[in-house]
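> Would you mind keeping the following structure in view while I ask a few things?
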Amino acid sequence: MKKSVFILIAVLFTASVMIFTAGAEDKDAAFVISKCSVCHKIEKVCGQIGQKNAEQWAVTVKKMAEKKPGISDVEQKQIANFLSTAKDRKALCTE
Ligand code: HEC
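In structure tokens form, the structure reads like this:
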């Protein structure tokens, strides 16, 4: 009996963590799309997912932010972090 309660709690905990992290990723993706698809298609960005490391993304994001003010330093870090940790282009592009 005790064991099954423990398993139930473990399952619920794992499920809620998964839902939480999936939700956070979607929110970040929506944020990046809103900031980075103003001047060009988001495909320009998602095509390079997995090809640039964190440093290279930081350089690209900074270059883009300099073209058009409105992306704060904190947001630039957030975007570069998302782009360098996204596992595949599906994180941004649907197809
Ligand atoms: C003010 C308009 C503008 C915004 C906003 C913008 N870009 Fe760009 N982007 C450009 C232009 C113009 C080019 C092509 C010229 C160049 O490479 O600088 C480009 C090119 C690119 C390239 C290909 C060239 C390279 O350096 O790899 C990537 C990747 C890119 N943008 C990513 C992004 C990301 C990520 C964001 C959001 C942080 C973003 N862009 C927001 C205007 C913009």
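Residue numbers are given in the numbering used here: position 57 of the sequence shown equals residue 49, and the series is strictly consecutive. We put the beta carbon where it would ideally sit given N, CA and C, even for glycine.
Do you know how far the Cα of residue -4 is from the Cα of residue 56?
Translated into positions along the sequence shown, residue 56 becomes position 64. Translated into positions along the sequence shown, residue -4 becomes position 4. Looking at the two C-alpha atoms, the distance is approximately 53 Å.
> Just to check, is the beta-carbon of residue 100 closer than 7 Å to a non-hydrogen atom of ligand 1?
Lying outside -7 to 87, the shown extent of the chain, residue 100 is not represented and no answer is given.
> State yes or no: is the C-beta of residue 55 nearer than 7 Å to some heavy atom of ligand 1?
By 1-based counting over the sequence shown, the position of residue 55 is 63. Under cutoff, so the answer is yes.
> Out of 77, -2, 68 and 30, point me to the one whose CA is closest to residue 51's CA.
Reading the sequence shown from its first residue, position 59 is the one you call residue 51. If we check each option's Cα against that of residue 51, 68 comes out closest.
> Which whole-angstrom value describes the C-beta separation of residue 83 and residue 41, a residue pair presumed to lie in contact below a C-beta threshold of 8 Å?
Along the sequence shown, read from residue 1 onward, the residue named residue 83 stands at position 91. Along the sequence shown, read from residue 1 onward, the residue named residue 41 stands at position 49. That belief holds up - the Cβ atoms of residue 83 and residue 41 are roughly 6 Å apart, short of 8 Å.
> Consult DSSP for residue 78 and reduce its assignment to one of helix, strand or coil.
Here residue 78 is taken as the residue at index 86 of the sequence shown, counted from 1. If DSSP states are grouped into helix, strand and coil, residue 78 belongs with coil.
> Roughly how far, in whole angstroms, is the beta-carbon of residue 18 from the beta-carbon of residue 74, given that I think they are within contact range, below 8 Å?
Reading the sequence shown from its first residue, position 26 is the one you call residue 18. Reading the sequence shown from its first residue, position 82 is the one you call residue 74. About 11 Å; that fails the 8 Å criterion.
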